[in-house]
Structures are given as C-alpha cells and as structure tokens.
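The structure under discussion appears below in the form of structure tokens.
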Amino acid sequence: DIQMTQSPSTLSASVGDRVTITCRASQSVSTWLAWYQQKPGKAPKLLIYVASTLASGVPSRFSGSGSGTEFTLTISSLQPDDFATYFCQQYSSYRTFGQGTKVEI
Amino acid sequence: EVQLVQSGAEVKKPGESLEIPCKGSGYRFTSYWISWVRQMPGDVLEWMGTIDSSGSYTDYSPSFQGHVTISVDKSISTAYLQWSGLKASDTAMYYCARHPSRSSHLDYWGQGTLVTVSS
Numbered sequence: 001d002i003q004m005t006q007s008p009s010t011l012s013a014s015v016g017d018r019v020t021i022t023c024r025a026s027q028s029v030s031t032w033l034a035w036y037q038q039k040p041g042k043a044p045k046l047l048i049y050v051a052s053t054l055a056s057g058v059p060s061r062f063s064g065s066g067s068g069t070e071f072t073l074t075i076s077s078l079q080p081d082d083f084a085t086y087f088c089q090q091y092s093s094y095r096t097f098g099q100g101t102k103v104e105i
Numbered sequence: 001e002v003q004l005v006q007s008g009a010e011v012k013k014p015g016e017s018l019e020i021p022c023k024g025s026g027y028r029f030t031s032y033w034i035s036w037v038r039q040m041p042g043d044v045l046e047w048m049g050t051i052d053s054s055g056s057y058t059d060y061s062p063s064f065q066g067h068v069t070i071s072v073d074k075s076i077s078t079a080y081l082q083w084s085g086l087k088a089s090d091t092a093m094y095y096c097a098r099h100p101s102r103s104s105h106l107d108y109w110g111q112g113t114l115v116t117v118s119s
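What follows is the structure, given as structure tokens:
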C-alpha cells in the first residue's frame with residue numbers, strides 16, 4: 001500500500017495568512033494526487049486534482065504543486081470560509097488518503 | 001446539478017445485514033464510476049472499493065475485500081454498499097463519490113450515511 005503522510009496535523013493561522021500543507025507519499029505517485037476540504041458534518045469537497053489542477057468553482061487562492069513523492073497545498077490568503085480539515089489522496093495505486101490537516105484559528 | 005443522494009442514518013445489531021444506496025442525478029450515470037469511502041471517528045478516510053456504473057467491473061481495497069459488496073442498478077442510477085454480517089467496528093460514516101475513470105479523483109460526493117452497529 002502507498003502511505004500518505006500530511007504535515008502538520010494541526011495548523012493555527014489567522015485570516016490573511018499564507019498557509020502551506022505538505023503531503024508525502026511512501027513511493028512515487030507521479031501527479032496522481034488530489035486535495036479535498038472537509039468541514040464538520042459535511043462531505044469532503046474536491047479542491048485540486050492531478051496535483052495542480054484547480055477543480056471547478058474553487059477560488060484561485062488555492063493552489064497545488066509537486067510530483068513524485070512530495071506535494072503541497074497552498075492557500076495564498078486565508079479566508080474565514082477556509083477553516084476546515086484538508087486531506088490529500090493518491091490515486092496511482094488504489095486510493096489512499098493522508099490523515100488530514102486541521103486549519104484552525 | 002450533479003447530485004449523489006444517500007439514505008439516512010442506520011442503527012443495526014452485530015451480525016445483521018445492511019444495504020445502503022447512493023442515487024446519482026444531474027449527469028449521465030453510466031459514464032462515471034462510483035467509489036465508497038469510510039470515515040471513522042477521528043476523521044481518517046479509507047477508500048473501500050469502486051464499481052463502474054454499467055456494473056461490469058468492481059475493485060476492492062484489500063482491507064475491505066470479502067467484507068462488503070458493491071453493486072449497481074443502472075436502471076435507477078443507484079449504487080449500493082452491502083454488508084452480510086455487520087460488526088461493531090463497522091460503525092462509521094460512509095460516503096459514495098463519483099469519478100470519471102477507474103483511477104481518478106473523486107469529483108462529487110454524497111452527503112454520507114452514518115451506520116451505527118451496537119448490541
């Protein structure tokens with residue numbers, strides 16, 4: 001199985017901050033990497049796929065980069081609606097998710 | 001509007017059977033695959049398996065193979081997740097999600113079905 005490790009597990013930030021979340025794969029997944037946002041009591045929502053392609057309707061302050069085993073999700077200027085938990089997911093071999101990063105105030 | 005609509009919460013006893021549905025609308029159902037994802041308390045997401053919506057092909061995570069069955073009824077645009085013998089450890093939220101090909105991102109998700117297994 002491909003293991004996905006996110007860091008940090010929790011991130012404290014303020015509105016307007018630039019936020020970066022890292023996701024590492026235990027082996028190369030090329031660019032078969034997606035990022036999701038989940039708010040309490042809600043289903044995950046797709047933000048980015050193929051490592052850097054923004055999903056439809058997602059604000060441009062979100063961006064993704066990386067390939068192989070190391071990936072980042074960046075929020076350029078954190079907004080109140082962005083406080084949530086973020087998951088990475090590889091789909092190179094089956095699908096596995098990172099453990100999540102909670103972005104809190 | 002693309003929607004995946006799941007059923008309400010279920011409370012079952014260990015050993016009981018259960019089938020939960022996921023109905024797609026707002027898109028051509030048979031052009032997409034459906035995956036099922038488990039989320040246990042503590043937020044970890046686990047991919048369980050997938051089915052192509054014509055019903056021809058299924059693939060399961062080794063962690064769930066043999067414990068659940070994924071099926072589809074394309075005539076009513078509905079996918080199913082089924083257990084034949086629930087365990088307390090199956091207590092979790094279960095999401096269905098759509099994807100355009102066998103190995104691709106999950107672009108739309110259902111709202112989830114909470115399954116509680118308790119004696």
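Same order as they appear, the protein sequences are chains A and P. Going by our numbering, the first sequence opens with residue 1, and the numbers climb by one from there. Going by our numbering, the second sequence opens with residue 1, and the numbers climb by one from there. Where is the CB? At the ideal position from N, CA and C, for every residue including glycine.
Below-7 Å beta-carbon distance, residue i vs any chain P residue
i	result
A:C100	What sits at residue 100 of chain A in the sequence shown is Gly, not Cys. True, the Cβ-Cβ gap to chain P drops below 7 Å.
A:A43	yes
A:A34	yes
A:R24	no
A:F97	yes
Cβ-based burial, residue i [other Cβ within 10 Å; buried from 16]
i	result
P:Q6	buried
A:P44	buried
P:R28	exposed
A:Q90	buried
Residue j beta carbon less than 7 Å from that of residue i
i	j	result
A:A51	A:L33	yes
P:T58	P:W33	no
A:R95	P:W36	no
P:I109	P:A97	First, the amino acid is wrong: residue 109 of chain P is Trp here, not Ile. Taking 7 Å as the Cβ cut-off, P:W109 and P:A97 qualify as a contacting pair.
A:F83	A:V103	yes
A:C23	A:Q3	no
Coarse secondary structure for residue i, derived from DSSP in three states
i	result
A:A13	coil
P:S89	helix
P:K13	coil
P:I76	helix
A:F83	coil
A:T101	strand
P:F64	coil
P:S31	helix
Short CB-CB distance (under 7 Å) between residue i and chain A
i	result
P:H67	no
P:Q111	yes
P:S31	no
P:D43	yes
P:D52	no
Within chain C, partners of residue i - CB distance below 8 Å
i	result
P:Y95	Included in the structure are the protein chains A and P, with no chain C among them.
_Check whether the segment 72-79 of chain P and the segment 14-34 of chain P touch, using three or more Cβ-Cβ pairs below 8 Å as the test._
yes
*Do the segment 75-87 of chain A and the segment 8-17 of chain A make contact, defined as three or more Cβ pairs closer than 8 Å?*
yes
_Assess contact between the segment 18-32 of chain A and the segment 80-90 of chain P, defined as three or more Cβ pairs (one per stretch) separated by less than 8 Å. Is contact present?_
no
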